[in-house]
Amino acid sequence: MSDDVLRIAVLGAAGRVGRRVVAAVLEATDLGLVAAVTRPGSDLVYQDAGRVAGVAFSGIPLGTPEKDCFFDADVVIDFSLPGGLREALPFLGDCALVTGTTGLDADTEALVAAHAAKAPVIQAANFSTGVNVLLGLAAIAARALPDHDVEIVEAHHRHKKDAPSGTALALAAAIGEGRGEAPILDHGRHGLAPRVAGHVGLHALRMGDVVGEHQVWLAGEGDRVLLGHVATSRDTFAHGALRAARFTRGRAPGRYTMRDVLGLT
Ligand code: NAD
């Protein structure tokens, strides 16, 4: 592998998103797959990462989080589960980290923050470049329409474990950014639950094979604004994560955002 090639390890490589990341890395001429890591005890351990991703033989067998599993990598791209990231973090060394795993507990968040003292870290609830544009638009709309009621609706496939989605929470944070204060969130409504002025409502739909859809409603007296994004395949997350991985090259340790990656800051 030439020195110009950015060496990528994928954590969660056998997962729904991880497989698309593996496929996208194998397709890219400026990136090289050097490690692919999955859950200990998985039937897929030792199987070829490319084949598991449904593409060509890669020569990289699926391994598990353990000492030296990332030693050859410049960047670890993580789409595992909170336990997977937590287990793998001690083995990252000074690799850059691009992490999309959502639903992290406070201890794992603290470990991610600590890693940023050693290497560039890009953490995003959603690596889709379109969603990151939506985050910026939501902040602009919230600033310009301070009295409009905001309701966020998200839909995901039936297997998704955490709710609301990390992206819905990021959208709520963008609303807060636009309005200059963190919003109070109302998660769904049930029974006697009138709207409270200024609160942001969040609603999570779980159904079928929906990849990921987010809508932000801003409703006032006489009009409604609807901003939205639809992910049509997991390739959107994979390609955004690859763009983030490329961005880490030559960067100082620290935390960066997808807005930095997209030049929106
Ligand atoms: P998935 O369940 O299909 O894949 C998770 C993978 O992680 C599996 O292959 C599993 O074997 C592996 N894993 C679990 N425990 C592990 C461990 N201890 N060590 C190593 N690997 C382990 O899930 P998915 O739909 O691919 O989503 C993965 C994560 O990414 C979730 O947290 C999801 O919410 C998040 N996600 C983020 C984005 C984004 O853009 N940020 C987009 C989609 C999904």
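Residues are numbered in the working numbering as their position in the sequence shown, beginning at 1, plus a constant of 1. Beta carbons are placed, not taken as given, at the ideal position from N, Cα and C, and that holds for glycine.
- Distances from the CB of GLY104 to the heavy atoms of the ligand NAD include at least one below 7 Å.
- In the assembly as shown, ALA114 is an exposed residue. Its beta-carbon has fewer than 16 other beta-carbons within 10 Å.
- Every beta strand (DSSP E) stretch that sits fully inside the segment 54-110 and reaches 3 residues is listed by chain position as 76-79, 97-100.
- With respect to the 8 Å criterion, PRO165 and GLU152 are not classified as neighbours on the basis of their beta carbons.
- Taken through DSSP and simplified to helix, strand or coil, LEU228 comes out as strand.
- From the listed residues GLY229, THR65, LEU112, the smallest Cα separation to LEU136 is found for GLY229.
- Membership of GLU214 in the beta strand (DSSP E) is indicated by the continuous run 213-220.
- Cβ-Cβ distances below 6 Å link LEU112 to LEU90 in the same chain, with the five nearest sequence neighbours on each side left out; the list follows chain order.
- Per DSSP, ILE185 is not a residue of any beta strand (DSSP E), being assigned neither H nor E.
- Annotated as proximal: ARG252 and PRO121, with beta-carbon spacing under 8 Å.
- Of the heavy atoms belonging to the ligand NAD, at least one sits nearer than 7 Å to the Cβ of LEU82.
- The ligand NAD approaches GLU88 closely enough that one of its heavy atoms is under 7 Å from the residue's Cβ.
- The distance from the Cβ of GLY167 to that of THR103 is about 4 Å, consistent with a contact at the 8 Å cut-off.
- HIS160 and MET208 have their alpha carbons spaced roughly 8 Å apart.
- Here GLY101 is not near ALA74, since their CB atoms are 8 Å or more apart.
- Counting along the chain, the unbroken alpha helix (DSSP H) around ARG21 starts and ends at 17-28.
- The beta-carbon distance between GLY85 and PRO62, rounded to whole angstroms, is 18 Å. This is too long to meet the 8 Å contact definition.
- By the Cβ-count criterion, THR39 is buried, with 16 or more other Cβ atoms from all chains shown falling within 10 Å of its own Cβ.
- Looking at the DSSP output, GLY255 sits in a beta bridge with PRO121.
- Under the three-state reduction of DSSP, ASP150 is assigned to strand.
- With a threshold of 16 other beta carbon atoms within 10 Å, SER59 meets it and is buried.
- Beta-bridge annotation (DSSP): VAL38 is paired with LEU12, GLY64.
- Distances between the C-beta of THR130 and the heavy atoms of the ligand NAD are all 7 Å or more.
- Collapsing the DSSP output to three states places GLY51 in a helix.
- Per DSSP, the continuous beta strand (DSSP E) segment holding LEU203 begins and ends at 201-207.
- When the beta-carbon positions are compared, ASP69 and LEU98 stay at least 8 Å from each other.
- A buried status is given to PRO184, since no fewer than 16 other beta-carbon atoms sit within 10 Å of its beta-carbon.
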